[in-house]
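Down below is the structure, laid out as structure tokens.
Protein chains: 2
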Amino acid sequence: MSSTDGPTAGFDAFNASCPSRRLLDTIGDKWASLVIVALGLEGRLRFSALSARISGVSQKMLTQTLRGLERDGLLTRTVTPSVPVRVDYALTPLGMSLLEPIRHLKEWAEAHMAEVDTARAAYDHNQGALRTPR
Amino acid sequence: MSSTDGPTAGFDAFNASCPSRRLLDTIGDKWASLVIVALGLEGRLRFSALSARISGVSQKMLTQTLRGLERDGLLTRTVTPSVPVRVDYALTPLGMSLLEPIRHLKEWAEAHMAEVDTARAAYDHNQGALRTPR
DNA sequence: CAGGATCCTCTATGATACTG
DNA sequence: CAGTATCATAGAGGATCCTG
Numbered sequence: 019m020s021s022t023d024g025p026t027a028g029f030d031a032f033n034a035s036c037p038s039r040r041l042l043d044t045i046g047d048k049w050a051s052l053v054i055v056a057l058g059l060e061g062r063l064r065f066s067a068l069s070a071r072i073s074g075v076s077q078k079m080l081t082q083t084l085r086g087l088e089r090d091g092l093l094t095r096t097v098t099p100s101v102p103v104r105v106d107y108a109l110t111p112l113g114m115s116l117l118e119p120i121r122h123l124k125e126w127a128e129a130h131m132a133e134v135d136t137a138r139a140a141y142d143h144n145q146g147a148l149r150t151p152r
Numbered sequence: 019m020s021s022t023d024g025p026t027a028g029f030d031a032f033n034a035s036c037p038s039r040r041l042l043d044t045i046g047d048k049w050a051s052l053v054i055v056a057l058g059l060e061g062r063l064r065f066s067a068l069s070a071r072i073s074g075v076s077q078k079m080l081t082q083t084l085r086g087l088e089r090d091g092l093l094t095r096t097v098t099p100s101v102p103v104r105v106d107y108a109l110t111p112l113g114m115s116l117l118e119p120i121r122h123l124k125e126w127a128e129a130h131m132a133e134v135d136t137a138r139a140a141y142d143h144n145q146g147a148l149r150t151p152r
């Protein structure tokens, strides 16, 4: 399905080269999605600002993530040759368009994650008490 | 966003306990998303069928993934005590509702991944030729 | 058939130190 | 400031063997 890949021609996410598959690889990435959302909210941020905003990222991971997103054309990297250097990151139109599907995910999460928690609690409860046959 | 969920008043995906964050952890998982999509398409599949459908999964990963999704209430596991045993998996209504946001991702991917490829090619090209200052 | 239990191997990621 | 370069390590995930 890599070459003859029509719009609805059979969603083959089972192929690693499938667009859907690769998209999930991107937004499924912990830091990448956080960067996208952060830039979607703030519009434009410096490296240090992103680093602060996304608590927990190592500088290595942040750099690596930013490079990947830049490579994918989802954000731009702007260097201001001042002293010290200043680098700003901002979403490209393409990157911004990705905020839309991400928002759908967010909405689903806000609407249903409570159910997931309930299910999870129930499941875990049975594990210790009823000895669900497996 | 749940009220007990973090310091900020908005989408705090930066908090690991944020619903959005956890959802991404789930669908971002390679096998989990494939299982959901497969069941969304087929409706109901046996372990062996899933295994065949999702080429590349090890039995360990498939089992592990299915357990996780079952725990989250996204799918049901039905055991038929025949000989040999027969186990069917199917999405719950909750799991099915997740197909919706996933479809949005798919649509984005089909509409924009070509641009990503172009950007990527251009980026990679410059790496070797123009020596983009970094 | 489904899946539990093990062992083992990479890879992703964090911590640290250095630089234009 | 905004990285790059190294080193070290937890843990994800694959391969195997075994059983109800």
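Protein sequences, first through last, are from chains A and B. Position one of the first sequence corresponds to residue 19 (the numbering used here), numbered consecutively onward. Position one of the second sequence corresponds to residue 19 (the numbering used here), numbered consecutively onward. No residue lacks a Cβ here, since even glycine has one placed at the ideal position from N, Cα and C. Being a predicted model, the structure only gives us computed values, none of them experimental.
{"Item": "Start-to-end residues for the beta strand (DSSP E) that takes in L93 (chain A)", "Value": "93-98"}
{"Item": "Beta bridge counterpart(s) of D106 (chain A) as assigned by DSSP", "Value": "A:R64, A:T96"}
{"Item": "Beta carbon proximity, L68 (chain B) to chain A, threshold 8 angstroms", "Value": "no"}
{"Item": "8 angstroms Cβ cut-off: residues of chain A touching E60 (chain B)", "Value": "Ordered by position in chain A, no residue passes the 8 angstroms Cβ test against E60 (chain B), which lies about 12 angstroms from the chain."}
{"Item": "Simplified DSSP assignment, three categories, for G46 (chain B)", "Value": "coil"}
{"Item": "8 angstroms Cβ shell around T83 (chain A) - same chain, five flanking residues per side excluded", "Value": "D47, W49, A50, V53, V75"}
{"Item": "Per-residue DSSP class, three states only, for L57 (chain B)", "Value": "helix"}
{"Item": "8 angstroms Cβ shell around V105 (chain A) - same chain, five flanking residues per side excluded", "Value": "R64, F65, R95, T96, V97, T98"}
{"Item": "At least three beta-carbon pairs within less than 8 angstroms, the segment 78-93 of chain A to the segment 120-135 of chain A", "Value": "no"}
{"Item": "Span separating the alpha-carbon of L131 (chain A) from that of D90 (chain A)", "Value": "A small correction: the amino acid at residue 131 (chain A) is Met; Leu does not occupy that position in the sequence shown. In a straight line, the C-alpha of M131 (chain A) is about 30 angstroms away from that of D90 (chain A)."}
{"Item": "Buried/exposed call for L42 (chain B), threshold 16 Cβ in 10 Å", "Value": "buried"}
{"Item": "Unbroken alpha helix (DSSP H) run spanning Q74 (chain B), endpoints", "Value": "Just to set this straight, residue 74 (chain B) is Gly in the shown sequence, not Gln. Per DSSP, G74 (chain B) belongs to no alpha helix (DSSP H) and is neither H nor E."}
{"Item": "Y107 (chain B) vs L59 (chain B) beta-carbon contact at 8 angstroms", "Value": "no"}
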